[in-house]
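Residue numbers (full-length UniProt numbering), protein chains in the order written: chain A, 1 to 295; chain B, 1 to 305.
Even for Gly, the Cβ is constructed at its ideal location relative to N, Cα and C.
Fair warning: this is a prediction, and the values are worked out from it, not measured in the lab.
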Amino acid sequence: MGALEVRNLTKDFVIRNGFKKTSLRAVNDVSFTLEPGKTIAIVGESGSGKSTVARMIAKLETPSSGEILLDGTPSAQRGASLAKYRHDVQMVFQDPFASLNPFHSIRHHLERPLRIHKVARTQKDVDAAVEELLTRVNLTPAKVFAEKRPHEMSGGQRQRVAIARALAPGARFLIADEPVSMLDVSIRLGVLNLLARLQREENLGVLYITHDLATARHFSDEIIVMFRGNIVERGPSDDVILNPQHEYTKLLLSAAPDPKNQGKLRDEVRNELASTATASGEATAVRDRFGTAGL
Amino acid sequence: MSTSTVSARPAGDAGAGPGAIPVLTASNISIEYQVTPVVQAVKDVSLTLHRGEILGLAGESGCGKTTLAYGLNQLLKPPALRTSGEIVLHDKDGHDIDVAALSGNALRAFRWDKVSMVFQGAMNALNPVISIKAQLFDVFDTHRPGMSRKEKTQRSRELLELVGVDPKRLDSYAHELSGGMRQRVMIAMALALNPQVMIMDEPTTALDVVVQRGILREIMRLREQLGFAVIFITHDLPMLLEISDRIAVMLQGEIVELNSAEAIYAAPAHEYTRKLLASFPSLTGERGAFVRAGGDTEDNTGEVA
Chain A
1 MGALEVRNLT
11 KDFVIRNGFK
21 KTSLRAVNDV
31 SFTLEPGKTI
41 AIVGESGSGK
51 STVARMIAKL
61 ETPSSGEILL
71 DGTPSAQRGA
81 SLAKYRHDVQ
91 MVFQDPFASL
101 NPFHSIRHHL
111 ERPLRIHKVA
121 RTQKDVDAAV
131 EELLTRVNLT
141 PAKVFAEKRP
151 HEMSGGQRQR
161 VAIARALAPG
171 ARFLIADEPV
181 SMLDVSIRLG
191 VLNLLARLQR
201 EENLGVLYIT
211 HDLATARHFS
221 DEIIVMFRGN
231 IVERGPSDDV
241 ILNPQHEYTK
251 LLLSAAPDPK
261 NQGKLRDEVR
271 NELASTATAS
281 GEATAVRDRF
291 GTAGL
Chain B
1 MSTSTVSARP
11 AGDAGAGPGA
21 IPVLTASNIS
31 IEYQVTPVVQ
41 AVKDVSLTLH
51 RGEILGLAGE
61 SGCGKTTLAY
71 GLNQLLKPPA
81 LRTSGEIVLH
91 DKDGHDIDVA
101 ALSGNALRAF
111 RWDKVSMVFQ
121 GAMNALNPVI
131 SIKAQLFDVF
141 DTHRPGMSRK
151 EKTQRSRELL
161 ELVGVDPKRL
171 DSYAHELSGG
181 MRQRVMIAMA
191 LALNPQVMIM
201 DEPTTALDVV
211 VQRGILREIM
221 RLREQLGFAV
231 IFITHDLPML
241 LEISDRIAVM
251 LQGEIVELNS
261 AEAIYAAPAH
271 EYTRKLLASF
281 PSLTGERGAF
291 VRAGGDTEDN
301 TGEVA
C-alpha cells in the first residue's frame with residue numbers, strides 16, 4: 001500500500017478590509033509523507049497553520065499551491081476521483097458534541113458512509129458492518145450503542161463514534177484534528193490508545209494534530225513543529241522532545257506544565273522580584289523574537 | 001485523605017504548613033440543583049484557604065468545582081441552592097465575616113472587594129459594547145463612589161500595567177484584544193479593589209501554552225507582590241502541581257483528597273487522584289511507559305454521560 005504524500009503545500013487566505021485586500025499565508029511550503037501504520041504529529045499553537053494543513057488534506061480547503069499525492073498520484077479537488085480519495089482519507093474533528101447530528105441515531109451516522117461509499121449494499125450487510133465498526137472502536141455491546149443518540153453518550157464515546165464513522169468507508173489514513181482536547185482528561189488516553197491500536201493492528205496512517213507535546217511524543221513516530229505556517233522542526237518524536245534544536249520548540253517545551261517542576265515558577269518569580277531586575281528573563285526575550293509577547 | 005497531618009486540624013486544612021493564617025474557611029458545604037431529580041452537586045465539602053496561598057481545585061467536568069466556587073462567593077442562582085454549610089472570611093482587620101449570611105447591599109459590598117473572581121471563559125466575559133475603561137470604572141463606581149475621574153483613570157492605568165497590558169489599551173474594546181490580553185484585563189479587573197481572595201475558574205484553559213505560561217507567571221508575581229490568596233480551578237493537574245501550594249481533588253461533588261502539592265505528587269492517596277495523574281503522559285519520562293498500559297476501553301469513573 002502506498003503512502004499519503006504532501007508536497008510544498010501552501011495556503012493563502014485573502015483578508016478583505018474595506019476595499020483593501022491583503023493576503024495571509026497560513027501555511028507555507030509544507031511537505032511530509034505519511035506511511036501506513038505510522039503516526040505523524042503536527043504540533044503548534046493556535047494560528048500556526050496546523051489545522052489548515054489538516055483541512056487541506058481532508059479536502060475541506062483548497063491549497064493555493066502544492067500537491068497532495070495518494071499512492072503516488074495527485075488527488076483531485078472534485079468529482080468522482082475526490083470521492084475515491086475520500087475512501088482512503090478521512091477526518092476526525094475536534095468537537096464530538098458538534099460533529100454528530102443530535103437528531104440521528106449512531107446507526108444512522110455509520111450507515112451513511114457505508115452506503116455512500118458502497119462498502120455495504122444490502123441491509124443485512126450494513127447492519128453487520130455497523131456492528132463490526134462499533135466493536136472495532138470498543139463500543140460494546142454494539143447493538144445497544146447503535147440505537148443510541150449522541151446526547152446519551154459521553155464525550156469519549158462520541159469521539160469513538162466519530163472515529164468509527166471515519167473508518168466506515170475503509171479509510172487507510174485518518175486526519176485527527178485535536179481529537180481529545182475537548183474530552184475530560186481521564187478518558188483522553190483511552191481514545192488515544194484506540195487510535196494507537198488501530199494504527200498498529202490495522203496499519204492505519206494517522207495524522208495527529210495537537211498542541212499537546214506530551215501526547216504527541218507518546219503517540220507518534222514523527223513530530224512536525226509548526227510556527228506561523230512554517231515547519232520549524234521535524235524528526236523522530238523522541239529527538240524533537242528530548243533534544244529540541246529550534247528555539248521555538250524549546251520555548252514550547254519550557255511552557256508545557258511539568259509536575260516535576262514543583263514550585264519552580266514560584267521560586268523563579270521570587271528570585272526575579274528579589275533581584276529587582278524586573279526586565280524580562282530569557283523566555284520573554286525568545287517570546288519577543290517570535291512576536292508572541294503580549295498575546 | 002492524608003494520614004500524616006495531625007488529627008486536631010479541621011478537615012479542610014490538610015497539608016497546610018505550620019503558621020498558615022486562614023483567610024477563608026468553608027465548612028460542610030452542600031449545594032444542590034433543585035430540579036427533578038435533585039442533583040447533589042457539592043456534598044459536604046470543607047476547605048480552608050490561607051493568606052497568600054494558591055489552592056488548586058482539580059476535577060473533571062461535572063464534578064462540582066465551579067458550583068463550589070460560585071457557592072463560596074454567594075453567586076448561586078436558582079435552581080442551585082446551598083443547603084448547608086458555613087463560609088467565613090477572616091478579614092485583614094481582624095473581623096470575621098459570615099459570608100453565608102450576607103445579602104442585599106452588604107453582599108454587594110462584600111463581593112469583589114474581599115473576594116473577586118476570574119470567570120470561566122474569561123475570553124467572552126468582557127462586555128463587547130463598552131470599552132475596557134468603562135468596565136473598570138464600573139467597579140470603582142460601585143465600590144468606591146468617592147473616587148474622582150482622575151483617580152479612577154490613574155488606578156485603571158496602574159492595573160493594566162500590573163498585568164502587563166499597555167495602558168493605552170484602556171480605550172480599546174474587547175474584540176480588539178487578543179485572548180491572552182483579554183484574560184489579563186479580566187485579572188486586572190479582579191485585582192481592582194485589592195481583594196484578599198481571588199477565585200480563578202479555568203483562567204487559562206482556552207489559551208496556548210506559551211501564553212498560559214505568561215499568565216501563570218503574572219499570577220505568581222502578583223501574588224508575591226500583593227499577597228492575595230488564590231483558589232485556582234482547573235482540570236489540568238500537572239499545571240496545578242507546578243503552581244499550587246495545596247491541591248484539592250474533586251470527584252462527583254466531594255473532595256476526595258486534599259493535601260500539599262508535594263504530597264499529592266509523591267504519594268497520591270485516592271485512586272481517582274492516581275488516575276488523574278496517570279492521565280497526563282510525562283513529557284520527558286520513559287517513552288510509551290504509560291501507553292498501552294491502560295488499554296483503550298472506556299472507563300466510567302468521573303465521567304458524565
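The beta carbons of A/L9 and A/V30 sit closer together than 7 Å.
One Cα belongs to B/N194, the other to B/K114, and the distance between them is close to 8 Å. The criterion of a C-beta distance shorter than 7 Å is satisfied by B/P238 and A/P257. For B/I97, the nearest beta carbon of chain A is not closer than 7 Å to its own beta carbon.
Taking the Cα positions, B/T284 is about 42 Å away from B/L76. In terms of beta-carbon proximity, A/P102 stays away from the interface with chain B, with every pair separated by 7 Å or more.
Contact between B/E224 and A/L273 holds, since their C-beta atoms are separated by about 6 Å, short of 8 Å. Not flagged as an interface residue toward chain A: B/K65, since no C-beta distance is shorter than 7 Å. Setting aside the 5 residues that flank it on each side, A/I163 is surrounded in the same chain by V92 and V137, each with a C-beta closer than 6 Å to its C-beta; the list follows chain order. Where A/S51 is concerned, the enclosing alpha helix (DSSP H) starts and stops at K50 to I57.
Given a length threshold of 4 residues, each whole run of the alpha helix (DSSP H) inside the region 156-228 of chain B is given here in chain order: 179-191 and 209-226. Within the same chain, and ignoring the five residues on either side of A/D184 in sequence, the residues whose Cβ sits closer than 7 Å to its Cβ are G155. Unbroken alpha helix (DSSP H) stretches of 4 residues or longer found wholly inside the region 51-133 of chain A: 79-88 and 106-116, given in chain order. Interface flag for A/H246 against chain B is unset, since no Cβ pair is found closer than 7 Å. Close to chain B, meaning a Cβ-Cβ distance shorter than 9 Å, are the following residues of the region 170-187 of chain A: D184, V185, S186 and I187.
Annotated three-state conformation of B/N28 is strand, per DSSP. Taking a C-beta distance under 7 Å as the contact criterion, B/K133 and B/L159 do not qualify as a contact pair. Under the three-state reduction of DSSP output, B/S148 falls in the coil class, being neither helix nor strand. Within chain A, the residues placing a beta-carbon under 7 Å from that of B/M239 are P257, ordered along the chain. Between A/V14 and A/G49, the CB-CB gap reaches or exceeds 7 Å. Between A/N261 and chain B, the shortest Cβ-Cβ separation is below 7 Å. Residue nearest to A/V130 within the set A/P150, A/T122, A/R107 and A/L139 is A/R107 (criterion: CA-CA distance).
With respect to chain A, the C-beta atom of B/I247 has no partner C-beta closer than 7 Å. Proximity of B/D208 to chain A, defined by a Cβ-Cβ separation below 7 Å, is satisfied. For B/S172, the closest C-alpha among the options B/L136, B/M198 and B/T204 is that of B/L136.
Proximity of chain A to B/P268 at the Cβ level (cut-off 7 Å) is not reached, the minimal Cβ distance being about 11 Å. With distances taken between CA atoms, A/I68 lies nearest to A/F32 out of A/E111, A/P150, A/L195 and A/F32. Annotation: the continuous beta strand (DSSP E) that includes A/G205 extends over G205 to T210. Per DSSP, B/T284 is not a residue of any alpha helix (DSSP H), being assigned neither H nor E.
Counting C-beta atoms within 10 angstroms of its own C-beta, B/A69 has 16 or more neighbours from the protein chains shown and is therefore classed as buried.
Listed along chain A is no residue with a C-beta nearer than 8 Å to that of B/H50; the closest approach is about 15 Å. When C-alpha distances from B/D141 are compared across B/S156, B/N127 and B/L276, the shortest belongs to B/S156. Put simply, the backbone Cα of B/E257 is about 15 Å away from that of B/S27. Secondary structure of B/K43 (DSSP, three-state): strand. In terms of CA proximity to B/P281, A/S186 leads the group A/F97, A/S186, A/A76 and A/P113. Scanning its chain for C-beta atoms nearer than 7 Å, with the 5 sequence neighbours on each side dropped, one finds around B/P167 the residues R157, L160 and E161, in chain order.
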